[in-house]
Amino acid sequence: MTTSNQQLLERRLKVLPRGLGVSFPIFATKAKNSEIWDVEGNRYIDFVGGIGVLNTGHSHPKIVAAVGEQIQKFSHTSAQIANYESYVELCEKLCDKAPISGEKKAFLLTTGAETVENAIKIARAKTGRAGVIAFIGGWHGRTLLTMGLTGKVIPYKKSYGPMPASIFHAAFPSPATGVSEAEALKDLEMIFKADIDPSEVAAMIIEPVQGEGGFHQLTPSFAKELRRICDQHGIVLIFDEVQCGFGRTGTLFASEQLGVEPDLITCAKSLAGGYPISGLIGRADIMDAPQAGGLGGTYAGSPLGTVAALKVLEIMEEENLLERSRHIGDTIAAFLDALAHPNITHIRHKGAMLAFDLVDAEGKPDAAAATALKNKAFENGLLLATCGMYFNTVRVMVPLTVEDSVLAEALDIIKHALP
182 MTTSNQQLLE RRLKVLPRGL GVSFPIFATK AKNSEIWDVE GNRYIDFVGG IGVLNTGHSH
242 PKIVAAVGEQ IQKFSHTSAQ IANYESYVEL CEKLCDKAPI SGEKKAFLLT TGAETVENAI
302 KIARAKTGRA GVIAFIGGWH GRTLLTMGLT GKVIPYKKSY GPMPASIFHA AFPSPATGVS
362 EAEALKDLEM IFKADIDPSE VAAMIIEPVQ GEGGFHQLTP SFAKELRRIC DQHGIVLIFD
422 EVQCGFGRTG TLFASEQLGV EPDLITCAKS LAGGYPISGL IGRADIMDAP QAGGLGGTYA
482 GSPLGTVAAL KVLEIMEEEN LLERSRHIGD TIAAFLDALA HPNITHIRHK GAMLAFDLVD
542 AEGKPDAAAA TALKNKAFEN GLLLATCGMY FNTVRVMVPL TVEDSVLAEA LDIIKHALP
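Sequential numbering from 182 applies to the sequence shown in the numbering used here.
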């Protein structure tokens with residue numbers, strides 16, 4: 182068995198394509214809660230959480246036990262061939278908890294991108310229209326349709342064109358990007374004037390908190406304007422909660438904090454504590470629009486994922502992880518404020534979904550500084566992720582189950598790693 186990270190990296194280079202990047206030159210051998218150990222025995226504090234997947238931590242014992250019990254029964258039937266109770270139970274719970282009034286329905290898939298694609302399919306089936314409005318900086322996936330929806334070119338869209346037709350990107354308002362709500366609404370109005378009439382738009386899709394775009398937050402006032410516009414023109418409003426959902430923002434769904442109900446909500450990532458499953462929840466009359474057989478997927482709603490997700494919901498309540506999320510976010514924000522570092526700006530968070538930007542002496546985005554922080558933190562045993570349109574944003578996706586002592590250790594590493 183290979184015991185060297187470098188040896189494994191050399192093997193990786195020979196058989197994996199260049200486009201499949203890796204953030205850190207390590208190979209994991211075990212992980213527990215908020216810590217990872219590599220094949221050489223090095224320990225790392227995990228502030229990435231499998232890209233926002235591990236709100237309940239690595240290998241939570243209750244999830245491990247539930248999956249272990251399920252795998253002794255069966256691992257797969259395909260839910261469209263022979264369904265199973267855990268699938269139905271999970272959909273019942275998602276419908277109960279989703280911040281949408283009236284009758285709701287839900288179904289399960291495998292990835293966040295699949296969920297987004299099916300949301301668009303359902304909106305098109307319901308409205309008989311093709312157009313979709315997405316937002317600059319938004320992240321929706323790596324398939325061709327979701328790449329088209331994603332509002333960031335490099336590295337996700339470059340060389341893969343042409344993108345699907347009838348997708349238009351509006352400005353996303355945020356103090357960090359200098360775009361006001363009034364300017365964003367005017368931009369949306371100009372799309373309706375210059376590119377597509379609102380009567381031809383099936384859906385509008387937006388993240389309540391942008392993920393890859395830099396953790397910029399949708400405000401209640403802007404959300405209400407989007408709801409008004411969608412109601413006025415018969416457009417389906419979709420909130421993409423693949424990354425910001427399941428406790429990351431201090432509420433189970435981030436949209437609970439907006440005072441606005443979407444028509445459809447996508448969820449994935451931390452839904453099942455590391456097992457690949459995703460869900461789409463929405464108003465029953467919209468969800469029922471596709472013809473029989475028009476929805477599904479071979480692995481969609483894996484029984485291993487459904488039992489894991491049911492445990493995640495239990496753990497969220499039993500361990501009070503929503504309050505814990507808010508505590509973590511407040512702790513990290515207070516720490517960064519106290520640093521008063523001249524190059525840190527726009528500290529922003531909802532719950533533990535926190536990010537900050539690094540800028541140079543002139544206040545311009547400093548991607549090199551963000552990369553330097555990430556690299557120095559890694560050398561000292563902390564895994565950090567960067568994001569944003571200018572690659573100068575540092576984002577935190579630490580498990581909500583992180584111990585206070587480990588959190589304090591990680592913050593000390595950041596303090597001494599800042600350039």
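All residues carry an ideal CB built from backbone N, CA and C; glycine is no exception.
Quantities reported herein were computed from a predicted structural model and do not represent experimental measurements.
Within 8 Å, strictly: CB atoms of residue i and residue j
i	j	result
I164	V390	One cannot answer for residue 164 here, as it falls past the ends of the chain, which runs 182 to 600.
G318	M570	yes
L326	A315	no
K144	S240	No statement about residue 144 is possible, as the shown extent of the chain runs from 182 to 600 and does not include it.
F427	L535	no
P600	A566	no
A365	F353	yes
N186	I217	no
A306	P471	yes
V334	D421	no
R429	G233	yes
L503	L433	yes
S602	V587	Here the chain covers residues 182 to 600 and nothing more, so residue 602 does not appear.
S483	H257	yes
N264	L476	no
R464	I281	yes
A473	A247	no
A357	H527	yes
T210	P580	no
L520	K596	yes
Option in the options with minimal Cα separation from residue i
i	options	result
K557	T582, A542, D593 and C568	D593
D368	F403, G342 and M344	F403
F537	G454, A519 and V577	V577
A481	Q472, L461, K195 and A473	L461
V269	G486, G562 and S586	G486
A235	S282, E284 and I496	In the sequence on display, residue 235 carries Leu and not Ala. Out of S282, E284 and I496, I496 has the C-alpha closest to the C-alpha of L235.
G230	N561, T324 and G454	G454
E560	A294, F205 and R193	F205
E590	R224, M328, G202 and V297	R224
L491	S267, S215 and E221	S267
A533	G477, S483 and S506	S506
G332	A598, C568, A300 and T237	C568
G549	F572, E543 and A542	Correcting the residue identity first, residue 549 is Ala in this sequence and not Gly. Here the closest residue by C-alpha is F572.
T479	Q261, L197 and V245	Q261
S340	N501, A519 and G200	G200
For residue j and residue i, the rounded distance between their alpha carbons
i	j	result
A607	E437	Residue 607 lies beyond the stretch modelled for the chain, which goes from 182 to 600, so this question has no answer here.
K531	G510	7 Å
S259	A346	32 Å
K243	T447	25 Å
T400	G392	15 Å
Q424	K374	32 Å
T291	T184	32 Å
I226	E498	25 Å
P343	R408	30 Å
V583	P457	22 Å
K285	L271	13 Å
L289	L563	34 Å
H414	I372	14 Å
D444	I387	12 Å
A304	A383	6 Å
I525	L539	5 Å
L452	L190	31 Å
E250	G293	26 Å
G544	G359	13 Å
M328	W320	8 Å
Limits of the alpha helix (DSSP H) - the one that residue i falls within
i	result
E266	E266 to K278
M328	L325 to L330
L369	E362 to A375
F516	L502 to L520
K339	Note, K339: premise wrong, no alpha helix (DSSP H); not H, not E.
D538	First-last for D538: M534 to L539, but that is the beta strand (DSSP E), not the alpha helix (DSSP H).
T552	A548 to E560
T308	G293 to T308
Extent of the continuous beta strand (DSSP E) run through residue i
i	result
V248	Here V248 belongs to no beta strand (DSSP E); instead the alpha helix (DSSP H) covers P242 to I252.
I348	I348 to A351
K531	I525 to K531
R576	T574 to V577
G238	Segment: none, G238 is in no beta strand (DSSP E) and carries neither H nor E.
A545	What sits at residue 545 in the sequence shown is Lys, not Ala. That residue, K545, is in no beta strand (DSSP E); it is neither H nor E in DSSP.
A384	V382 to I387
I314	G312 to F316
A287	K285 to L290
A566	A566 to C568
inquiry  = Report the start-end ranges of each beta strand (DSSP E) in the region 192 to 229 that is 3 residues or longer and not cut off at the edges.
reply    = Those beta strand (DSSP E) runs which fall completely within the region 192 to 229 and span 3+ residues are 209 to 213, 216 to 219 and 224 to 227.
Those runs of the beta strand (DSSP E) which lie wholly inside the region 412 to 496 and span at least 3 residues = Listed in chain order, the complete beta strand (DSSP E) runs (minimum 3 residues) inside the region 412 to 496 are 417 to 421, 445 to 448 and 459 to 464.
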